[in-house]
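Mapping the sequence shown onto our numbering, position 107 (from 1) lands on 98, and the numbers just tick up by one.
Some notes on the structure that comes next.
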Amino acid sequence: MAIETPEYKIISKYEGFEVRHYSDMVIATTKVQADFKSSTSAGFRRVASYIFGGNDKGMKIAMTAPVISDCPAEGLNTFNISFVMPKAHSMRDLPAANTSEVSIQKESLGEVAVLSFGGWATESRSMSYQKKLSELIADNKIEIKGGYMVAQFNSPWALPMFRKNEIMVRIKS
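Right under this line is the structure:
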């Protein structure tokens, strides 16, 4: 059985990246103050606890992909870590988290420039691919709006050669 991922349409393809339009989605999100590696690990555990029943209904919610976090940047030490909720759920029917550190929100990404890469999404690799996407966007005279995000699609046990990651950034349409 395939893991559910957010719906999108490819708007255009460029050398090295593509532009997508994402449908609105609901996310469970948390904010963690730490370095990138520690925050993604702690944030993952916190939101995973919510979907594994750590909510006011004890409800288990299916895991989806990707896990989305803020992209690391020089001096950044606070990261939002988010799970996309399954399409079958709405803001109204999702339970409240047992902790105030996890919130349920509507996310409207809209048009996003996306660069895909394999292997581990470490801080240095994420920053390197973010720089590459930034240069490609500038070369194509596309204007960004918002910060860069890292989308990780695989379980922590997936081997590096089978991993899929993306650097994403909202753009002006």
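Glycine is no exception: its CB is placed at the ideal position from the N, C-alpha and C atoms.
> Between the beta-carbon of Phe108 and the beta-carbon of Pro63, is there less than 8 Å?
Replying inline: Not a contact, by the Cβ cut-off of 8 Å.
> Grouping DSSP H, G and I as helix and E and B as strand, with all else coil, what is Gly66?
Replying inline: Assigned with DSSP and collapsed to three states, Gly66 falls in coil, not helix or strand.
> In its own chain, which residues sit with a C-beta less than 8 Å from the C-beta of Lys51, not counting the 5 before and 5 after it?
Replying inline: The residues are Ile42, Phe43, Gly44.
> Do Ile(-6) and Met54 have their C-beta atoms within less than 8 Å of each other?
Replying inline: Taking 8 Å as the cut-off, the beta carbon of Ile(-6) is found closer than this to the beta carbon of Met54.
>> I need the straight-line Cα distance from Ala142 to Ile59, nearest angstrom please.
In response: Distance between Ala142 and Ile59, taken at the CA atoms: about 4 Å.
> The beta strand (DSSP E) with Thr27 in it runs from where to where?
Replying inline: According to the sequence provided, residue 27 is Phe. The question's Thr does not apply to it. Where Phe27 is concerned, there is no enclosing beta strand (DSSP E), although the alpha helix (DSSP H) it sits in stretches over 27 to 42.
> Among Asp61, Met118, Asp47, which one has its Cα closest to the Cα of Leu85?
Replying inline: Of all alpha-carbon atoms in Asp61, Met118, Asp47, the one lying nearest the alpha-carbon of Leu85 is that of Asp47.
>> Let's test the definition: count the other Cβ atoms within 10 Å of the Cβ of Asn145 and tell me whether it reaches 16, buried, or not, exposed.
In response: It counts as buried.
> Using the rule of at least 16 other Cβ atoms within 10 Å of the residue's Cβ for burial, across every protein chain shown, is Ala112 buried or exposed?
Replying inline: With 16 or more Cβ atoms within 10 Å of its Cβ, Ala112 is classed as buried.
> Apart from the five residues just before and just after Val160, which ones in its own chain have a Cβ nearer than 6 Å to its Cβ?
Replying inline: Hits under 6 Å: Ala104, Ile135, Tyr139.
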